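FYI, the working numbering numbers position 108 of the sequence shown as 152, with every residue one higher than the one before it.
See structure below.
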Amino acid sequence: MEALIIEATEFTPDVIMDPDSNKFEMSGESRPENAGKFYEVILNWMDNYHSLRYWRDSKFNDKSSSTVFEFKFEYFNSTSAKFILDILKKIETFRKDDMNVTVKWYYEEPDIDMKESGEEFASMTGIPFEYIVV
45 MEALIIEATE FTPDVIMDPD SNKFEMSGES RPENAGKFYE VILNWMDNYH SLRYWRDSKF
105 NDKSSSTVFE FKFEYFNSTS AKFILDILKK IETFRKDDMN VTVKWYYEEP DIDMKESGEE
165 FASMTGIPFE YIVV
């Protein structure tokens, strides 16, 4: 499966979804003019990744491989928050299908709002987050 790499812009985050290197990360700011168009690509990629992992894990009984999704946002607007939640709901589906998935939520020490956003996402999805201060 091909990696999904989207370089950051002034309005969109850096996105790395690379199953070969096992690197799954979103970082920077998210306030795209058309959030639906931007995040649709990521959500579709995640659907394909889920299908691949589900097939591979069930066919080869390979439940040992772990996937870590890292969120390193500096800022996101309310429209982006809806799509970040959609991504996390897909991750929740991975976990329900017994895939070994971890979510790491990074935030700067003084940015309590960003930590609280992660806590709200964790509460809404039921995914235990690992919080990391940078």
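We put the beta carbon where it would ideally sit given N, CA and C, even for glycine.
This one's a predicted model, so the numbers in the text were calculated from it and none came from an experiment.
{"Item": "Can you give the Cα-Cα distance for valine 177 and leucine 129, rounded to whole angstroms?", "Value": "21 Å"}
{"Item": "Could you give the C-beta distance for aspartate 58 and serine 71, rounded to a whole number, given that I count them as a contact under 8 Å?", "Value": "5 Å"}
{"Item": "For leucine 87 and isoleucine 131, which I take to be in contact (beta-carbon distance under 8 Å), what is that distance rounded to the nearest angstrom?", "Value": "7 Å"}
{"Item": "Assuming contact is defined by CB atoms lying nearer than 7 Å, are lysine 134 and methionine 168 in contact in what I supplied?", "Value": "no"}
{"Item": "How would you call tyrosine 119, buried or exposed, if buried means at least 16 neighbouring beta carbons within 10 angstroms?", "Value": "exposed"}
{"Item": "Go to methionine 70, then tell me how far its beta strand (DSSP E) extends in each direction, as first and last residue.", "Value": "67–74"}
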